[in-house]
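What follows is one structure encoded as structure tokens, with my remarks underneath.
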Amino acid sequence: MQRRGGIVFLKINGTQYDVKGQATYNIVGKARTTILGQDGRHGFKEMPTVVSLELSLTDSGTLDLKALATIENATITLELANQKVITLRNAWATGDWDASSEEGEIKARFEALSAQEVL
1 MQRRGGIVFL
11 KINGTQYDVK
21 GQATYNIVGK
31 ARTTILGQDG
41 RHGFKEMPTV
51 VSLELSLTDS
61 GTLDLKALAT
71 IENATITLEL
81 ANQKVITLRN
91 AWATGDWDAS
101 SEEGEIKARF
111 EALSAQEVL
């Protein structure tokens with residue numbers, strides 16, 4: 001039986017970071033919405049959405065939080081337990097980058113113009 005979830009690895013421009021919390025990602029880049037009329041379904045519209053990756057990292061003694069939170073034009077790879085690799089290209093950091101001292105947890109968010117999923 002194939003492993004479906006669990007261990008992940010995050011690399012930003014080739015440097016690996018300690019992933020603490022669950023990673024969530026949206027790589028589709030578009031959303032469809034049904035168009036309804038009074039007489040039924042007329043079809044759908046398609047609008048762009050943000051390609052994104054959110055996860056929690058563990059702060060290490062050598063992690064430069066300010067540098068990480070200001071990343072631009074990065075290549076980010078997320079290697080999943082099911083052998084998939086998600087790649088965000090030309091990615092940038094967004095959000096507040098809140099850090100917690102109790103467990104050294106940093107909430108991270110990245111966005112990009114496009115992403116690739118390698119099966």
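First residue of the sequence shown: 1, per this note's numbering; consecutive thereafter. Note that the Cβ used here is the ideal one computed from N, Cα and C, for glycine as well.
Neighbourhood of residue i by C-beta, 6 Å cutoff - its chain only, sequence neighbours within 5 removed
i: residue 10; result: 17, 19, 78
i: residue 26; result: 52
i: residue 32; result: 44, 46
Own chain partners of residue i with C-beta closer than 8 Å, once the 5 adjacent residues on each side are dropped
i: residue 73; result: 90, 91, 92
Neighbour-count burial assignment, residue i, 16 or more Cβ in a 10 Å radius
i: residue 35; result: exposed
i: residue 110; result: buried
Best match in the options for proximity to residue i [C-alpha to C-alpha]
i: residue 100; options: 6, 38, 58; result: 58
i: residue 156; options: 81, 70, 105, 15; result: In the structure displayed, the chain extends from 1 to 119; residue 156 sits before or after that span and is not available.
Beta strand (DSSP E) segment containing residue i, residue limits
i: residue 112; result: 105-112
i: residue 74; result: 74-79
The alpha helix (DSSP H) enclosing residue i, as first and last residue numbers
i: residue 88; result: Here residue 88 belongs to no alpha helix (DSSP H); instead the beta strand (DSSP E) covers 85-94.
i: residue 119; result: Unbroken run through residue 119: none, as it is neither H nor E.
i: residue 63; result: Here residue 63 belongs to no alpha helix (DSSP H), and DSSP marks it neither H nor E.
Whole beta strand (DSSP E) elements within the stretch 13-54, 3-residue minimum: Those beta strand (DSSP E) runs which fall completely within the stretch 13-54 and span 3+ residues are 15-17, 24-26, 30-37, 40-48.
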